[in-house]
Amino acid sequence: MTGQLNRVDVTVLPEGWTNSRPGSLPSEVSGSWSAALSPDGRHAAYVSDRSGSPKVWVQPVGSELTFLVDTGEHPVVSVHWSTGGGWLACVLAPGGAPRTEVWLVRPDGSALHQVAGFGADSAENARWLPGRPLLAVTENLTTALLVDAEHGTRQTVATGELISLLDVTADRGRALLRHGPRGGRYVAVRDLATGADEYVTSGEQACFGPDGSVYARSDAGELPVLIRVTGGTAEVLAESETAEVESFALTADGTSIAVLWNVRGGESELTVLTADGPRRIDLPGSVAGGVSWCFDGSTCAFTAEGPGQPHGVWTYDGALHPVSVEEAAPEAVHPSLHRFGSHDGLEISGWLFEPAGAGPHPAVVWLHGGPEAQERPGHGALFQSLVDRGIAVFAANVRGSSGFGRSFVNADNGALRYAAIADVASCVSYLVSARIADPARVGCMGRSYGGYLTLAALTTYPSMFAVGIDVCGMSNFATFYEHTEPWIAAAAVSKYGDPVADADLLRDLSPITRIDRLRTPLMLVHGENDSNVPVIEAEQVVAALTELGVPHRYLLFPGEGHELQHRSSRAKYLHETVAWLTAHLRPAPALLS
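Each residue of the sequence shown is one higher than the one before, counting from 1 in the working numbering.
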């Protein structure tokens, strides 16, 4: 069926369309992420797409010299430096698909070989165990493995449905496992001799301390906190009445903990906890992530980004040091946080990127994926390009988003999803009532779950939007469950519903069920190798719109999966998206001059 559908291969701008900056086109710039430090903190390995696709680079901290580590043709998702310094563990995504493999390579680029994710298996959550050449890996969310880098052996630590290996004690007597589906995950300690599990807390991140205690990000309460569990007794180490503990990183000796906070609707704060008390690090961007320590605990690494400032790698050893950082665009628009009551009174929010001048403006409601993701004030070439052309962007956090507490993230589960669809209409009502958006020129778009929510909104409110874009979204829950990876399907049941027991609900929630109501010009974007949301989800919508005569375009990316890994693909997507939205929202000529 794929070969019979139209593919967009050439960017064609609408007739008469020009850019607000003469001669400019929206552009994608490179970024760097997944920082991993050598044991002494003097070198950093990281992933960057400066060469066109994500590759591993090694760089001395404080130097501009960079060294490419050849890991083959496939895009790299993340890199992890062994605590002994002799190996880099690289997570690769063949074909850009969600299925990933783990390869080991020396920091000088020698001895490249695969250790996990063979054949159809997918390997993830690679983590070096402190002080040992042992790599913890999980395959297919069913098999927990220890890979011995020196001897090339693999040991199965545990098996079961929806498990992930987090850590193993030095004597290999106990393992920390994450269990359960999305929205219901918890951490347990498994006795590897008896196979017995001891529940620790609800959550997804945990590690052993050097004394065998368990450190965990617990989301058992309304807002996630950092706890330490010793002898069955939990001690809260970091908590807030208004902010979430997003993640943490413990030094190998247990003397320092870097705690990353999610505050003010999506901004980041970073603190380091020591025996002398907490110390706050002034971040070089509004959103940070990927916090890690070198083995000797002297240096912390992380990524930071902000509006007009792509992901960059930084280190902190008492002072901040840029490692791989792109220059920020000084003219970038910084968003403002808007909170308002939705259709049933629940407070929802979003980040508004607004053009200069008084509204109302043509506007686009952007919907993130997940559904548990969160829209945050980071870097986005698409948003900046649209604002530059006079189009406001409201990056919404409807119910089901993370960052706003346990109740909010679970407020769209199962049949509650109808309320999340109605949140999209509430966003439009707010933008119109606040004279931000022109009601005749509002678009809706999103990716992954956000693509689903876009289709659901367009079919539920067929006269509300002037244009839509669905980026790799689900259109039919039945075919999604049938064709997605088995472990993705199993983990999704708690969020969407069971494909058998909840078949009627899922049928009614599927946009394809009422696709005949869709009248909005729609562009669909998908990676041909996507095995998370398989391409059939786009193809059945394209076929239906073709039969109905609804204006549409189909942008299919061969060689890409659920994420567009190559900069050339992202550049084409950016150009096509801006052109499609601009053509249908028709900004006033004065804004384009």
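The beta carbon of each residue, even a glycine, is placed where N, CA and C say it ideally should be.
Query	Result
Around the Cβ of Y604, are there at least 16 other Cβ atoms within 10 angstroms (buried) or fewer (exposed)?	In this structure the chain extends from 1 to 593, so residue 604 is not present and cannot be described.
With a threshold of 16 other CB atoms inside 10 Å of the CB of A392, please say whether the residue is buried or exposed.	buried
Decide if Q59 is buried, meaning its Cβ has at least 16 other Cβ atoms within 10 Å, or exposed.	buried
Going by Cα to Cα distance, which pick from E73, V168, L177, W128 is closest to T142?	L177
Near G184, what residues of its chain come up, given a Cβ to Cβ distance below 7 Å and the 5 sequence neighbours on each side ignored?	S494
Can you tell which of R514, G357, L166, G559 has its C-alpha closest to the C-alpha of N529?	G559
Nearest-angstrom Cα distance between C207 and L166?	6 Å
So T230 and S218 are in contact, right, with Cβ under 8 Å, and what is the actual spacing, rounded?	With 8 Å as the limit, T230 and S218 do not qualify as a contact, their Cβ atoms being about 14 Å apart.
In the DSSP assignment, what are the bridge partners of D148?	L134, T153
Whole angstroms are fine: how far does the CA of S433 sit from the CA of G359?	11 Å
Would you kindly work out how many angstroms separate the C-alpha atoms of G31 and T71, rounded to a whole number?	18 Å
What residues in its chain sit with their C-beta under 7 Å from that of G341, if we drop five residues either side in the sequence?	E347
Kindly indicate which three-state DSSP category C427 falls into: helix, strand or coil?	helix
Select from F557, A45, D296 the residue whose C-alpha is nearest the C-alpha of E576.	F557
Under 8 Å, do G96 and G527 count as touching if we go by C-beta distance?	yes
Return the Cβ separation of L367 and G450 in integer angstroms, given the expectation that the two are a contact with Cβ distance under 8 Å.	4 Å
On the DSSP bridge assignment, give the partners of Q179 in chain order.	Checking the sequence shown, residue 179 turns out to be His, not Gln. Per DSSP, I163, Y186.
By how many angstroms is the C-alpha of F353 removed from the C-alpha of E28?	18 Å
Report yes or no: do three or more beta-carbon pairs, one from the region 72-80 and one from the region 50-59, lie closer than 8 Å?	yes
Identify the continuous beta strand (DSSP E) that holds L352 and give its terminal residues.	347-353
Say whether the region 396-407 touches the region 308-326, bearing in mind that this needs 3 or more beta-carbon pairs closer than 8 Å, one atom from each stretch.	no
Nearest to E204 by CA position, among T194, A220, L192, is which residue?	A220
Please report how far the alpha carbon of Y46 lies from the alpha carbon of V91, in whole angstroms.	12 Å
Could you check the C-alpha separation between R182 and H334 for me, to the nearest Å?	32 Å
Please state whether DSSP places P360 in a helix, a strand or coil.	coil
To the nearest angstrom, report how far apart S463 and L506 are at their CA atoms.	24 Å
Give the straight-line distance between the Cα atoms of L25 and A381, rounded to the nearest whole angstrom.	In this prediction, L25 has a pLDDT of 47, which is less than 50 and means its spatial position is unreliable; what the coordinates show is noted afterwards. Those two C-alpha atoms are separated by around 11 Å.
Under 8 Å between the Cβ atoms of G443 and H552?	no
List the residues that DSSP assigns as beta-bridge partners of N397.	S349
Assuming I488 is part of the alpha helix (DSSP H), what are its boundary residues?	486-496
Over the uninterrupted beta strand (DSSP E) stretch that includes S48, give me the two end residues.	43-48
In its own chain, which residues sit with a C-beta less than 7 Å from the C-beta of S349, not counting the 5 before and 5 after it?	G265, L337, H338, R339, N397
Kindly indicate which three-state DSSP category Q540 falls into: helix, strand or coil?	helix
Does DSSP put Q374 in a helix, in a strand, or in coil?	coil
Would you tell me roughly how many angstroms separate the C-alpha atoms of P377 and A89, rounded to the nearest one?	31 Å
Can you grab the Cα-Cα spacing for the pair P22 / D148, in whole Å?	The pLDDT assigned to P22 is 33, lower than 50, so where the model puts this residue is not dependable, and the model offers no usable value.
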